[in-house]
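S.K.: My questions will all concern the structure given below.
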Amino acid sequence: MVRVRYAPSPTGTLHIGGARTALFNYLVARHFDGQFVLRVEDTDQSRQIPGSEQAMMHGLKSLGIEWDEGPDRNDGPYGPYRVSERLGQHRAMADRLLAEHKAYRCFCTPEQLAQDRENRAAQGLPPRYSGRCRTLTTQEVQARSGERFVVRLKVPSEGETVVHDLIRGDVRFDNRVFDDFVIMKPDYTPVYNFAVAIDDYDMRISHVIRGEEHLSNTPKQIFVFEALGLPIPQFAHLPMILAPDRSKVSKRHGATAVEEYRDQGILLPALANYLLLLGWSSPNGEEILTLSEAIATFTLDRVQHTAAIYDQKKLEWMNHQYMTRLSVHEIAQSVRPFIDYPLTEGPDFEAVVDLSRERAVNLVQLAEHMRFFYEAPSRYESKGVAKHFTDQTADLLDAVAKRLKTVTPWDHDHLVQVYDDTAAALNVKRAALIHPTRLAVTGRTVGPGLFELITLLGRDAVVERINTAQNLIRRHQIPTVD
Ligand code: GLU
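For what it's worth, my numbering labels the leading residue of the sequence shown as 1433, then goes sequentially.
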């Protein structure tokens, strides 16, 4: 039975790294008909941000990631799913290790430990606990019962510990690099490496799938499993996500929280698809996969062990794929929150979305590209004005407008005919009419096909905008924008 978990610390919102980890866990669970557990690791109270747990759950759901057990449904068989609520279990396990002499109370003061570190540093040695309290007798410990203490785990000082990683193979650690590390703090609450092993066992987690930054923690967790005589889960450490220059990926590279991508006009199914490719590739090289297609093909053996590179351009490309492939209705729904102009008058909304979506990489751009359908331009692109709004153009536009007023029916083919006829009559190329018309009607030099867009915009708006532009040209009063 496959049981996996995503175990975020509630210290902010859901970022791409966490979202990728959650997604891969979710896909493994669904692919193998297993269970996906959401466990909130709220052990470090000082780093917690109120509302963070809700924000993370919301972020996961908006990506289509759903869990079978979690803190929002504490009725699961292995709850509670908030680590702070599991203290009794952690304390019981620490008590047990103390009773079995696999762990011990350490009374060393912070000053003593600092002194030890200094002494070792003076000899050029890395910090390491001296083992001073390891050999205290039961009587000595009892005699100090009122003193402040931590609990340290007895760690093997020889040999090696091997992490059998499903992605990177066997990773060997020399046991001499570890010391008897603290498992319970002075307030008798557990440190992460202790709690996580107990929780993973208690929740019957079969595969621990998490970011590579945790690989160095894994031997310590293995020591805990071994000391407690518990079975060790399988491990898979997902590759780091780096920027194209191989630095740590950050906001500067465009990487951000899931909610912010949404505000930037990225479609969340596109984001989920992009995350999927951060370290995984499909067997047939297909890059566009829905969640259910990913569930069908996702296995950990296709996860790479080299770093995944975060590339904002690729995300935009992915988003564009979704902008053009999803149904018009879906895109229309998604773009609505980005529209800040009234839609009361103007052409059919979905028709406008359909005509405009091909040229936009995100919903913010799409909303902007659609604006002219609902608002006459108040400024004209300066580069276009220099080229297409000359004195001569005013006459050309005038001639076009006169014919547009009467053409029937107002459809694509008849409009093409108007331009052909006008161009022939004036002895100019059709392009000499098309460019100024586009600029007059949309304020821009690029956009959807002119005949499609004026068909949709309708006679009144088109004629009115052409006349407005004509007047501005004649008065040499063209408001421009770069
Ligand atoms: N709470 C840890 C984190 O947010 C995850 C630890 C784990 O997956 O074992 O990085």
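Ideal Cβ positions, reconstructed from N, Cα and C, are used throughout, including at glycine.
By Cβ distance below 6 Å, which residues in the same chain neighbour Glu1807 in space, the five residues on each side in sequence not counted?
M.R.: In the sequence shown, residue 1807 corresponds to position 375, counting from 1. Result list for Glu1807: Tyr1773, in chain order.
S.K.: According to the Cβ coordinates, are Ala1799 and Val1767 closer than 8 Å?
M.R.: Taking the first residue of the sequence shown as position 1, residue 1799 is located at position 367. Taking the first residue of the sequence shown as position 1, residue 1767 is located at position 335. For Ala1799 and Val1767, yes; Cβs fall inside 8 Å.
S.K.: What would DSSP say about Thr1569, mapped onto helix, strand or coil?
M.R.: Reading the sequence shown from its first residue, position 137 is the one you call residue 1569. Coil at Thr1569, not helix or strand.
S.K.: Would the beta-carbon of Leu1492 fall within 8 Å of that of Leu1707?
M.R.: Residue numbering aside, residue 1492 sits at position 60 when the sequence shown is read from its first letter. Residue numbering aside, residue 1707 sits at position 275 when the sequence shown is read from its first letter. Cβ distance not < 8 Å, so Leu1492 and Leu1707 don't count as in contact.
S.K.: Quick one: which unbroken beta strand (DSSP E) runs of 3-plus residues sit fully inside the region 1828-1911? Chain order, please.
M.R.: Correct list: empty.
S.K.: As a quick exercise: from Asn1716, Leu1888, Val1873, Ala1526, pick the residue whose alpha carbon is nearest that of Asp1780.
M.R.: Looking up residue 1780 in the sequence shown gives position 348. Checking every option, the nearest Cα to that of Asp1780 belongs to Leu1888.
S.K.: Have a look at Ile1599, Glu1691, Thr1874, Thr1840 and flag the residue whose alpha-carbon is nearest the alpha-carbon of Tyr1804.
M.R.: Locating residue 1804 in the sequence shown gives position 372, counting from the first residue. For the sequence presented, residue 1804 should be read as Phe rather than Tyr. Among Ile1599, Glu1691, Thr1874, Thr1840, the Cα nearest to that of Phe1804 is on Thr1874.
S.K.: Just to confirm, is the Cβ distance from Phe1657 to Val1587 under 8 Å?
M.R.: Taking the sequence shown and counting its residues from 1, one reaches residue 1657 at position 225. Taking the sequence shown and counting its residues from 1, one reaches residue 1587 at position 155. Taking 8 Å as the Cβ cut-off, Phe1657 and Val1587 do not qualify as a contacting pair.
S.K.: With DSSP as the reference, label Ile1641 as helix, strand or coil.
M.R.: Taking the first residue of the sequence shown as position 1, residue 1641 is located at position 209. Reduced to three states, the DSSP call for Ile1641 is strand.
S.K.: Alpha carbon to alpha carbon, how far is Thr1729 from Pro1715?
M.R.: To locate residue 1729, count along the sequence shown from 1; it is residue 297. To locate residue 1715, count along the sequence shown from 1; it is residue 283. Roughly 8 Å separates the two Cα atoms.
S.K.: Is Ala1439 near the ligand GLU, going by C-beta to nearest heavy atom under 7 Å?
M.R.: For the purposes of this step, residue 1439 is identified with residue 7 of the sequence shown, where counting begins at 1. For the ligand GLU, at least one heavy atom lies less than 7 Å from the Cβ of Ala1439.
S.K.: Could you tell me which whole alpha helix (DSSP H) segments of length 4 or greater appear in the region 1517-1580?
M.R.: Those alpha helix (DSSP H) runs which fall completely within the region 1517-1580 and span 4+ residues are 1519-1531, 1542-1554, 1570-1575.
S.K.: Would a C-beta distance cut-off of 8 Å place Thr1877 and Leu1829 closer than the cut-off?
M.R.: Numbered from 1 along the sequence shown, position 445 holds the residue referred to as residue 1877. Numbered from 1 along the sequence shown, position 397 holds the residue referred to as residue 1829. No. Outside cutoff.
S.K.: Can you tell me whether Ala1546 is buried or exposed? The criterion is at least 16 other CB atoms within 10 Å of its CB, across all chains shown.
M.R.: Along the sequence shown, read from residue 1 onward, the residue named residue 1546 stands at position 114. Ala1546 should be labelled exposed.
S.K.: Is Ile1630 helix, strand or coil when you go by DSSP?
M.R.: Numbered from its first residue, the sequence shown carries residue 1630 at position 198. Ile1630: helix per DSSP, three-state reduction.
S.K.: Report all residues from its chain with a CB closer than 7 Å to the CB of Ser1589; omit the five preceding and five following residues, and keep chain order.
M.R.: Working through the sequence shown from its first residue, we reach residue 1589 at position 157. Asn1607, Arg1608, listed in sequence order.
S.K.: Under three-state DSSP, which class holds Gln1797?
M.R.: Counting from 1 along the sequence shown, the entry for residue 1797 is found at position 365. Gln1797: helix per DSSP, three-state reduction.
S.K.: Quick check: what's the CA-CA separation for Ala1863 versus Leu1904?
M.R.: Position 431 of the sequence shown, counting from 1, holds the residue named residue 1863. Position 472 of the sequence shown, counting from 1, holds the residue named residue 1904. Straight-line Cα distance between these residues: approximately 21 Å.
S.K.: According to DSSP, simplified to helix, strand and coil, what is Glu1782?
M.R.: Position 350 of the sequence shown, counting from 1, holds the residue named residue 1782. Correct three-state label for Glu1782: helix.
S.K.: Given a threshold of 16 other Cβ atoms within 10 Å of its Cβ, counted over all protein chains shown, does Ser1679 qualify as buried or as exposed?
M.R.: Position 247 of the sequence shown, counted from the start, is the residue given in the question as residue 1679. Burial call: exposed.
S.K.: Would you mind working out which of Ser1814, Ile1615, Val1623 sits nearest Thr1912, comparing C-alpha positions?
M.R.: Taking the sequence shown and counting its residues from 1, one reaches residue 1912 at position 480. It is Ser1814 whose Cα lies nearest to the Cα of Thr1912.
S.K.: Does Gly1881 pass the burial test, meaning 16 or more other C-beta atoms within 10 Å, or should it be called exposed?
M.R.: Here residue 1881 refers to the residue found at position 449 when the sequence shown is read from its first residue. Burial call: exposed.
S.K.: With a threshold of 7 Å (Cβ to nearest heavy atom), would Val1628 be considered close to the ligand GLU?
M.R.: The residue given as residue 1628 occupies position 196 in the sequence shown. Yes, since a heavy atom of the ligand GLU falls inside the 7 Å radius drawn around the Cβ of Val1628.
S.K.: Helix, strand or coil: which one does DSSP assign to Arg1505?
M.R.: Your numbering for residue 1505 matches position 73 in the sequence shown. Of the three classes helix, strand and coil, the one that applies to Arg1505 here is strand, per DSSP.
S.K.: Nearer than 7 Å: is that true of the beta carbon of Val1640 relative to any heavy atom of the ligand GLU?
M.R.: In the sequence shown, residue 1640 corresponds to position 208, counting from 1. Indeed, a heavy atom of the ligand GLU lies less than 7 Å from the Cβ.
S.K.: Answer yes or no: the CB of Glu1473 versus the heavy atoms of the ligand GLU, is any distance below 7 Å?
M.R.: Residue 1473 sits at position 41 when you count from the first residue of the sequence shown. Answer for Glu1473: yes, Cβ within range of the ligand GLU.
S.K.: With 16 other CB atoms within 10 Å as the buried threshold, where does Asn1859 fall?
M.R.: Along the sequence shown, read from residue 1 onward, the residue named residue 1859 stands at position 427. It counts as exposed.
S.K.: Rounded to whole angstroms, what is the Cα-Cα separation between Pro1769 and Ser1494?
M.R.: Counting from 1 along the sequence shown, the entry for residue 1769 is found at position 337. Counting from 1 along the sequence shown, the entry for residue 1494 is found at position 62. So the alpha carbons of these two residues sit roughly 16 Å apart.
S.K.: For His1908, does the count of other Cβ atoms within 10 angstroms reach 16, so buried, or fall short, so exposed?
M.R.: Taking the first residue of the sequence shown as position 1, residue 1908 is located at position 476. Classification for His1908: exposed.
S.K.: For Leu1710, name the three-state secondary structure that DSSP assigns.
M.R.: If you number the sequence shown from 1, residue 1710 lands on position 278. In this structure, Leu1710 counts as coil in the three-state DSSP scheme.
S.K.: Is there at least one non-hydrogen atom of the ligand GLU closer than 7 Å to the beta-carbon of His1533?
M.R.: For the purposes of this step, residue 1533 is taken as residue 101 along the sequence shown, with counting starting at 1. Incorrect: His1533 has no Cβ contact closer than 7 Å to the ligand GLU.
S.K.: Leaving out the 5 sequence neighbours to the left and right, which residues in its chain are closer than 6 Å to Ala1487 when beta-carbon positions are compared?
M.R.: Taking the sequence shown and counting its residues from 1, the one referred to as residue 1487 is at position 55. Counting only Cβ-Cβ distances below 6 Å, and skipping sequence neighbours, we find Thr1445.
S.K.: Taking 7 Å as the cut-off, is the C-beta of His1646 nearer than that to any heavy atom in the ligand NAD?
M.R.: Absence of the ligand NAD is noted for the structure shown, with the ligand GLU being the only ligands found.
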